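Q: Shown below is the structure under consideration.
In the UniProt record's numbering, the protein residues as written are 1 to 385.
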């Protein structure tokens, strides 16, 4: 046996067992614990822990708190997986919601009951201004982040199993209602924006389904007007530290998009007007090569741009749509027009066609009726024979 038992009192025993060697220092590692009960019970506990060591599931007892591991995850683990913007949001959730309620709890004592109580607090009194609970969507975001952190703690052998397995009130939300413009609404919006600085970014988003950060980071060298296509090769990201240009998040996001002929015409006109504008201002060649810069050649800041779009959309009579709604409009139009889902998925930069269907399947009316009609034809043929 790679351990021993020593009596500590009338019904108390000290068990000491071997954990192997430290891979860095090469020193022998041991663990000591106190067991109350009979010697037979102490032997059983020692055997149980040795079995866990052999299986690689042993977790050393620790007094580390939830707050300590959350901050370790934010500073050490998350930066390798998340963008600066996402990391900023993770930090806000941890510091504003998780740590104030769960931070002082020992990590190894966190369980489903405590988390259920935490979620109940979020739903009823989670707002920082004291005016009630958080939305189901926000609670779900917190749940997903906490799940990631606890899974990480299991991988780091700080926990044997994730306490999330014991949660009975997992947050659920309804599918977000997708904002889509019909043909007349889109036409009205574009007519209203014609001649305004945001006309071309809106035109591109509506014609390609590109995301806001992709549109604002688009460069002329990414656009091939002769071939009628563009490359999505970078995005703009806005954080508290300012604006940054980064590569698309995934390989699928880095994609080639074919352009409709009318958009090519509009882009040619826009490039000419942009060059004339720079000439009037006495500006030389644009080193940033931006397709849709501000009037003085800077990259557009995403949030003010979205606010400007919202104001203009309201004036145009379509206040219900956001800039991201142009992407929804484009994708929905393609699917309703019968474009194969794998083509639409690639154009949108989704991870796979399943993602596209999960988001947009409910936007395609008449699918059930079509399926029933197909079965009806088969039944008629069978019954008439």
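Cβ atoms here follow ideal geometry from the backbone N, Cα and C, with glycine treated the same way.
Computed from a predicted structure; not experimentally measured.
(1) Alpha carbon to alpha carbon, what distance is there between residue 252 and residue 351?
(2) So, under 8 Å CB-CB, residue 110 and residue 123 are touching, yes? Tell me the CB distance rounded to an integer number of Å.
(3) For residue 1, name the three-state secondary structure that DSSP assigns.
(4) I want to know whether the region 231-246 touches the region 174-186 - three or more CB-CB distances under 8 Å.
(5) Take the Cβ of residue 1 as the centre, count every other Cβ of all protein chains shown within 10 Å, and call the residue buried at 16 or more, exposed below.
(6) When the Cβ atoms of the region 87-98 are set against those of the region 134-153, are three or more pairs found closer than 8 Å?
(7) For residue 13, write down the residues that DSSP places opposite it in a beta bridge.
(8) Find the nearest neighbour of residue 107 within the set 79, 263, 282 and 67, judged by alpha-carbon distance.
(9) Using 10 angstroms around the beta-carbon of residue 354, count the other beta-carbons present and answer buried if the total reaches 16, otherwise exposed.
(10) Would residue 426 pass as a contact of residue 231 if the rule is Cβ separation under 8 Å?
(11) Hey, which unbroken runs of the beta strand (DSSP E) at 3 residues or more fall wholly within the region 193-257?
(12) Just reading off the alpha helix (DSSP H) that residue 325 is part of, what are its end residues?
(13) Which residue wins for smallest C-alpha separation from residue 165, given the options 114, 327 and 266?
(14) Which partner residues does residue 106 have in the DSSP bridge list?
(15) Work out the CA separation of residue 356 and residue 379 for me, nearest whole Å.
(16) Look at the Cβ atom of residue 188, then the Cβ atom of residue 321, and state whether they are nearer than 8 Å.
(17) Give the straight-line distance between the Cα atoms of residue 284 and residue 255, rounded to the nearest whole angstrom.
(18) Here's a check: name, in chain order, each residue in its chain whose Cβ is nearer than 8 Å to the Cβ of residue 309, leaving out the five neighbours to either side.
(19) What do you get for residue 94, buried or exposed, if any count of 16 or more other CB atoms within 10 angstroms of its CB means buried?
(20) Excluding the five sequence neighbours on either side, which residues of its own chain have a C-beta within less than 7 Å of the C-beta of residue 221, listed in chain order?
(21) Note down the Cα distance separating residue 204 from residue 270, rounded to an integer number of angstroms.
(22) Quick check on this structure: which residue in 179, 302 and 140 has the alpha carbon closest to the alpha carbon of residue 332?
(23) One question on the structure: do residue 342 and residue 208 come within less than 8 Å of each other, judged by their Cβ atoms?
(24) Do residue 303 and residue 293 have their C-beta atoms within less than 8 Å of each other?
(25) Do residue 60 and residue 15 come within 8 Å of each other at the CB atom, strictly closer than that value?
(26) Could you work out which residue in 11, 121, 4 and 12 is closest to residue 30 when comparing CA atoms only?
(27) Could you check how far apart the C-beta atoms of residue 210 and residue 311 are, in whole angstroms? I think they sit under 8 Å.
(28) Helix, strand or coil for residue 181? Go by DSSP, reduced to three states.
(29) Please classify residue 49 as buried or exposed, where buried requires at least 16 neighbouring CB atoms within 10 angstroms.
(30) Within the continuous alpha helix (DSSP H) that includes residue 116, where are the two ends?
A: Inspection of the coordinates gives the following:
(1) The alpha-carbon of residue 351 is positioned some 6 Å away from that of residue 252.
(2) Going by Cβ atoms, the distance from residue 110 to residue 123 rounds to 19 Å, so no, they are not a contact pair.
(3) Residue confidence is low: residue 1 scores 49 on pLDDT, short of 50, so the model does not pin down where it sits. Its coordinate-derived value is still stated next. Assignment of residue 1 by DSSP, reduced to helix, strand and coil, places it in the coil class.
(4) At 8 Å Cβ cutoff, the stretches do not touch.
(5) Per-residue confidence for residue 1 stands at a pLDDT of 49, beneath the threshold of 50, marking its modelled position as unreliable; no derived number is given.
(6) A contact exists between the region 87-98 and the region 134-153.
(7) For residue 13, which the question treats as bridged, DSSP gives the partners 7 and 35.
(8) Nearest of 79, 263, 282 and 67 to residue 107, Cα basis: 67.
(9) Result: exposed.
(10) Outside the displayed range of the chain (1 to 385) lies residue 426, so it cannot be described from this structure.
(11) Every unbroken stretch of the beta strand (DSSP E) spanning 3 or more residues and falling wholly within the region 193-257 is given here in chain order: 229-231, 235-239 and 242-246.
(12) 323-336 is the span of the alpha helix (DSSP H), which, as asked, contains residue 325.
(13) The shortest C-alpha separation from residue 165 is found at 114.
(14) Partner residues in the beta bridge of residue 106, as assigned by DSSP, are 65.
(15) Looking at the two C-alpha atoms, the distance is approximately 32 Å.
(16) Taking 8 Å as the Cβ cut-off, residue 188 and residue 321 do not qualify as a contacting pair.
(17) Cα to Cα, residue 284 sits roughly 31 Å from residue 255.
(18) Within the same chain, residue 309 has close Cβ partners 198, 202, 322 and 323.
(19) The residue is buried, with at least 16 neighbouring Cβ atoms inside 10 Å.
(20) The beta carbon of residue 221 sits closer than 7 Å to those of 289, all from its chain and outside the five residues before and after it, given in chain order.
(21) Distance between the alpha carbons of residue 204 and residue 270 is about 12 Å.
(22) If we check each option's Cα against that of residue 332, 179 comes out closest.
(23) Remark: C-beta atoms of residue 342 and residue 208 do not approach each other more closely than 8 Å.
(24) Remark: C-beta atoms of residue 303 and residue 293 do not approach each other more closely than 8 Å.
(25) Between residue 15 and residue 60, the C-beta spacing is not below 8 Å.
(26) When each option's Cα is compared against that of residue 30, the closest is 4.
(27) Going by Cβ atoms, the distance from residue 210 to residue 311 rounds to 21 Å, so no, they are not a contact pair.
(28) Of the three classes helix, strand and coil, the one that applies to residue 181 here is coil, per DSSP.
(29) The Cβ neighbour count for residue 49, taken over all protein chains shown within 10 Å, is at least 16; the residue is labelled buried.
(30) Looking at the DSSP string, the run of the alpha helix (DSSP H) that includes residue 116 is 112-125.
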